[in-house]
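A quick write-up on the structure given underneath.
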Amino acid sequence: MREGGHPVVVLSVRDISKRFDAVQALDRVGLDLAAGEVLALVGDNGAGKSTLIKVIAGVVDADSGSVTFNGQPARIARPHDAQALGIATVYQDLALCENLNVVANLFLGTERQRFALLRQISMERTARELLRSLNVRIPDVRVPVSMLSGGQRQSVAIARALLGEPRVVILDEPTAALGVEQTAQVLAVIRRLRQRGLAVLLISHNLVDVWAVSDRISVLRLGRNAGEFRTAGTDQDTIVAAITGAGA
Numbered sequence: 047m048r049e050g051g052h053p054v055v056v057l058s059v060r061d062i063s064k065r066f067d068a069v070q071a072l073d074r075v076g077l078d079l080a081a082g083e084v085l086a087l088v089g090d091n092g093a094g095k096s097t098l099i100k101v102i103a104g105v106v107d108a109d110s111g112s113v114t115f116n117g118q119p120a121r122i123a124r125p126h127d128a129q130a131l132g133i134a135t136v137y138q139d140l141a142l143c144e145n146l147n148v149v150a151n152l153f154l155g156t157e158r159q160r161f162a163l164l165r166q167i168s169m170e171r172t173a174r175e176l177l178r179s180l181n182v183r184i185p186d187v188r189v190p191v192s193m194l195s196g197g198q199r200q201s202v203a204i205a206r207a208l209l210g211e212p213r214v215v216i217l218d219e220p221t222a223a224l225g226v227e228q229t230a231q232v233l234a235v236i237r238r239l240r241q242r243g244l245a246v247l248l249i250s251h252n253l254v255d256v257w258a259v260s261d262r263i264s265v266l267r268l269g270r271n272a273g274e275f276r277t278a279g280t281d282q283d284t285i286v287a288a289i290t291g292a293g294a
């Protein structure tokens with residue numbers, strides 16, 4: 047989504063700093079997330095990626111810095127604050143209940159006892175429509191999640207995040223430990239999120255995946271911004287140099 051030919055910035059973080067005892071995890075970090083774009087956040091282990099997304103998601107409280115959402119100052123002190131703004135985060139562990147089926151996982155915590163049967167029918171219909179809109183192929187939404195492939199599980203977790211109609215979706219290593227075919231399925235879902243006009247923040251160590259779906263790449267190194275690049279206008283050697291500090 048663009049205004050006057052420019053992407054509409056949904057979320058901006060500026061000068062975010064966070065210290066854990068003697069460790070400076072983040073030092074005046076900033077980034078912008080635009081509607082209808084995928085921003086890849088990359089960096090070596092310990093670069094500060096996890097801390098930054100936890101700050102945005104309200105899991106960790108920053109020591110300093112500011113957050114702007116839809117052009118307005120925002121205070122994110124807990125996960126509920128982020129969710130209320132329209133920020134959804136899908137963590138690497140997915141937090142799915144293996145013994146429950148797809149529908150139950152999508153709507154976990156939202157069920158009501160009254161009119162239970164009608165609600166079950168409605169939830170199943172909504173689940174099918176949502177998964178279809180993301181082009182996620184799960185033949186039976188009543189099967190336990192434990193019977194799904196890794197790619198299907200990741201897709202279910204992403205679909206669950208969309209039920210709150212967020213404007214920003216944060217994906218933490220969504221293709222980690224997936225095979226080639228399953229990775230392709232998840233990358234296709236990420237493209238669908240972009241097509242829906244969402245702002246997507248993709249955290250990944252896999253530069254092949256980053257090049258496959260991202261519009262921009264933001265590099266963190268030792269808790270600081272180490273560069274931002276248009277994916278189409280750069281190469282992997284440049285990104286690797288920014289990640290490692292080569293030539294700095």
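Residue numbering for the sequence shown follows our numbering, starting at 47 and increasing by one per position.
Where a beta carbon is used, it is the ideal one built from N, C-alpha and C, also for glycine.
Since we're looking at a predicted model, the values are computed, not measured.
Taking just the CA atoms, how far does residue j sit from residue i?
i       : j       : result
Ala-278 : Gly-111 : 30 Å
Lys-100 : Asp-186 : 34 Å
Arg-174 : Ile-216 : 23 Å
Asn-182 : Gln-198 : For the sequence presented, residue 182 should be read as Val rather than Asn. C-alpha separation (whole angstroms): 7 Å.
Arg-160 : Gln-166 : Bear in mind that a pLDDT of 43 at Arg-160, under 50, signals an unreliable position, so the model cannot answer this.
Leu-72  : Val-88  : 14 Å
Arg-158 : Val-149 : Residue confidence for Arg-158 is low, a pLDDT of 49 falling below 50, so the modelled location carries little weight and cannot support an answer.
Pro-119 : Gln-129 : 16 Å
Ile-62  : Asn-252 : 25 Å
Met-169 : Asp-67  : 46 Å
Lys-108 : Val-69  : The residue you asked about is not Lys; residue 108 is Ala in the sequence shown. The straight-line gap from Cα to Cα measures roughly 14 Å.
Gln-282 : Ile-289 : 10 Å
Arg-74  : Leu-176 : 38 Å
Arg-267 : Phe-275 : 14 Å
Gln-200 : Leu-239 : 14 Å
Ser-260 : Leu-142 : 26 Å
Glu-258 : Ser-264 : For the record, residue 258 in the displayed sequence is Ala; it is not Glu. Ala-258 and Ser-264: Cα-Cα distance of roughly 15 Å.
Arg-124 : Val-254 : 33 Å
Leu-209 : Ala-134 : 10 Å
Val-84  : Arg-262 : 7 Å
Val-191 : Glu-144 : 5 Å
Gly-269 : Arg-171 : 44 Å
Leu-127 : Ala-223 : Inspection of the sequence shows that residue 127 is occupied by Asp rather than by Leu. In a straight line, the C-alpha of Asp-127 is about 31 Å away from that of Ala-223.
Ala-86  : Gly-273 : 12 Å
Gln-286 : Asp-90  : Reading off the sequence, residue 286 comes out as Val, not Gln. In a straight line, the C-alpha of Val-286 is about 9 Å away from that of Asp-90.
Val-105 : Gly-117 : 22 Å
Val-235 : Ala-205 : 9 Å
Residue range of the beta strand (DSSP E) that residue i falls in?
i       : result
Arg-270 : 270–276
Thr-135 : 133–136
Asp-61  : 55–66
Thr-97  : Run containing Thr-97: none in the beta strand (DSSP E); it sits in the alpha helix (DSSP H), 95–103.
Val-113 : 110–115
Ile-263 : 262–267
Quick one: give me the first and last residue of the alpha helix (DSSP H) that residue i is part of.
i       : result
Arg-199 : 196–208
Ala-120 : Where Ala-120 is concerned, there is no enclosing alpha helix (DSSP H), although the beta strand (DSSP E) it sits in stretches over 118–120.
Thr-284 : 282–290
Ala-258 : 253–259
Give me whichever residues DSSP pairs with residue i in a beta bridge.
i       : result
Glu-83  : Ala-245
Ala-222 : Answer is none; Ala-222 lacks a bridge partner.
Asn-147 : Pro-190
Gln-70  : Arg-65
Ile-184 : DSSP, once it has assigned bridges, lists no residue as partnering Ile-184.
Ile-236 : Per DSSP, none; premise fails for Ile-236.
Val-88  : Val-265
Leu-77  : Val-59
Ile-216 : Thr-135, Leu-247
Would the beta-carbon of residue i be found less than 7 Å away from any heavy atom of the ligand NAP?
i       : result
Leu-239 : For the structure depicted, the ligand NAP is absent and the ligand set is empty, with no information on it obtainable.
Any Cβ of chain C within less than 8 Å of the Cβ of residue i?
i      : result
Val-69 : Of the protein chains in the structure, only one exists, and it is not chain C.
Evaluate the contact criterion for the segment 233–251 versus the segment 71–88: three or more CB pairs, one atom per stretch, below 8 Å. Counting Cβ pairs under 8 Å, three or more are found: they touch.
Meets three-Cβ-pair contact criterion under 8 Å: the segment 190–197 and the segment 218–236:
Contact holds: three or more Cβ-Cβ distances are below 8 Å.
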